[in-house]
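What follows is a single structure, written as structure tokens, with notes after it.
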Amino acid sequence: MLASKAKDEGRLCYITNCIRYLESKNLSLREYWQAGAELIGGERISADAEAVALALEMLDSVGIRASVDLGSMGVIRRLMERYRIRDYKKLTRAIASKSIDDLRKLTTDSDALETFTLLMTKRGGADLIGEISKAAGCLEEEHEYFKSLYRALEAYGCASRVFVDLSTIREMAYYNGLVFEIFTPGMGLPIGGGGRYDAMMKDFGIDTAATGFALSIDLCLKALGGGDWGKNNETVRVYYKDGYREKAISLVRVLRGKGECCTLDAYRGEGRGILVGEKTIVLESGEEYAP
Numbered sequence: 035m036l037a038s039k040a041k042d043e044g045r046l047c048y049i050t051n052c053i054r055y056l057e058s059k060n061l062s063l064r065e066y067w068q069a070g071a072e073l074i075g076g077e078r079i080s081a082d083a084e085a086v087a088l089a090l091e092m093l094d095s096v097g098i099r100a101s102v103d104l105g106s107m108g109v110i111r112r113l114m115e116r117y118r119i120r121d122y123k124k125l126t127r128a129i130a131s132k133s134i135d136d137l138r139k140l141t142t143d144s145d146a147l148e149t150f151t152l153l154m155t156k157r158g159g160a161d162l163i164g165e166i167s168k169a170a171g172c173l174e175e176e177h178e179y180f181k182s183l184y185r186a187l188e189a190y191g192c193a194s195r196v197f198v199d200l201s202t203i204r205e206m207a208y209y210n211g212l213v214f215e216i217f218t219p220g221m222g223l224p225i226g227g228g229g230r231y232d233a234m235m236k237d238f239g240i241d242t243a244a245t246g247f248a249l250s251i252d253l254c255l256k257a258l259g260g261g262d263w264g265k266n267n268e269t270v271r272v273y274y275k276d277g278y279r280e281k282a283i284s285l286v287r288v289l290r291g292k293g294e295c296c297t298l299d300a301y302r303g304e305g306r307g308i309l310v311g312e313k314t315i316v317l318e319s320g321e322e323y324a325p
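Numbering-wise (our numbering), the sequence shown opens with residue 35 and increments by one.
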């Protein structure tokens, strides 16, 4: 579907259920829901920054404060060429697990070991790419890309929540540039991720750039249930007397617009909540309520 619509620059979004293969007999683990966005075409740095910023804005809008770790499959492949390492799968697994022992099975080059150790153990900003570039004697182009990317993220107001961690690896082989994972406190797993997949578009016969991300709805719901990021975890119960339904609806719209979770029902003698009548009062105290 994506390939059929991707003729020019475009932005697509979706919410859907997905199926994954698992050895477990627990069928509930095989189906999951995700929300995602894809940006087809466009200038690379602008599109990558927009994808990262949009992911954070989406999470902010539902009360999840998140951060992003950036990796780069392009950097990994460039270093593979530099140090003549051939086994891409074993290398990415060693990097993702931060295993120096597994890395030593792939190369005995002391410069390569030093560079990859730096890559696996440090986390920072665009300057980290410069440090690795200096150690490896390459990656100048990648360093310039990350500096430009951070300037764009600063314009979006989210650069302080975005970190370079080149041990960030996405399992899907079609990623060929920037990759990222999204984290929120209290969750041991990333709640989303994405990256650039220009190469996959060519497999569908379309020579165009593409980047995007997906958020796990299941993990986001879990984060909301157990985190501290929601504005108000309590439900505001709004009741109305006869003839005041529309006035109560107006109040609920105001509260929901402020991020409150509200319910609305006719008043049947409840003792807690907000009662809308000629006056709007807090039932517990009898005091007049103003949103």
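Think of the CB as a built atom: it goes at the ideal place given N, C-alpha and C, for glycine as much as any other residue.
Asked, Found
"Quick one: grab the DSSP three-state call for L212.", "strand"
"Would you mind giving the Cβ-Cβ distance between T242 and L104, rounded to the nearest angstrom? I have them listed as a contact below 8 Å.", "Their Cβ separation, rounded to whole angstroms, is 22 Å, which puts T242 and L104 out of contact at 8 Å."
"Indicate whether G307 and Y278 have their beta-carbon atoms separated by less than 8 Å.", "no"
"Nearest by alpha-carbon distance to E176: which of M107, G246 and F150 is it?", "M107"
"Express the C-alpha separation of G70 and R45 in angstroms, rounding to a whole number.", "11 Å"
"Can you name the residues that DSSP bridges to E294?", "Answer is none; E294 lacks a bridge partner."
"Could you give the C-beta distance for I240 and V102, rounded to a whole number, given that I count them as a contact under 8 Å?", "Wrong, their Cβ atoms sit about 27 Å apart, outside the cutoff."
"Sorted by chain position, which residues of the same chain lie with C-beta nearer than 6 Å to M234's C-beta, five sequence neighbours on each side aside?", "Y208"
"F217 by DSSP, collapsed to three states: which one?", "strand"
"Can you give the Cα-Cα distance for Y117 and L152, rounded to whole angstroms?", "15 Å"
"What does the alpha-carbon distance come out to for the pair C295 and R287?", "10 Å"
"Considering just the uninterrupted stretch of the alpha helix (DSSP H) at T149, what are its terminal residues?", "S144 to T155"
"Under 7 Å Cβ to Cβ from E77, same chain only, skipping five residues before and after it: list those, please.", "none"
"What did DSSP end up calling D199 once you bin it into helix, strand or coil?", "coil"
"Cα separation between G228 and K313?", "50 Å"
"Apart from the five residues just before and just after L187, which ones in its own chain have a Cβ nearer than 8 Å to its Cβ?", "A83, V86, A87, A193 and V196"
"Using the three-state DSSP reduction, which class does D299 fall into: helix, strand or coil?", "strand"
"Would you say Y231 and A248 are within 8 Å of each other, going by their C-beta atoms?", "no"
"Buried or exposed for K123, going by 16 or more other Cβ atoms inside 10 Å?", "exposed"
"Find out if the Cβ-Cβ distance for the pair L285, E304 is shorter than 8 Å.", "no"
"Determine the closest residue to I163 out of A189, R138, A128 and V109, with distance taken between C-alpha atoms.", "V109"
"Taking the C-alpha atoms as reference points, what is the distance between D136 and A128?", "6 Å"
"Exposed or buried, which one is F238 when buried takes at least 16 other CB atoms within 10 Å?", "exposed"
"Would P325 be called buried (16 or more neighbouring beta carbons within 10 Å of its own) or exposed?", "exposed"
"Could you check whether L140 and I166 sit closer than 8 Å to each other, using their CB atoms as the reference points?", "no"
"Buried or exposed: where does S250 fall if 16 or more other Cβ atoms within 10 Å of its Cβ makes it buried?", "buried"
"L253 to G171, Cα distance in whole Å?", "40 Å"
"For F150 and R290, what's the separation of their Cα atoms in angstroms?", "49 Å"
"Which same chain residues, not among the five before or five after N60, have their C-beta less than 7 Å away from its C-beta?", "Residue confidence for N60 is low, a pLDDT of 47 falling below 50, so the modelled location carries little weight; the figure read from the coordinates is stated next. Same-chain partners within the cutoff: there are none."
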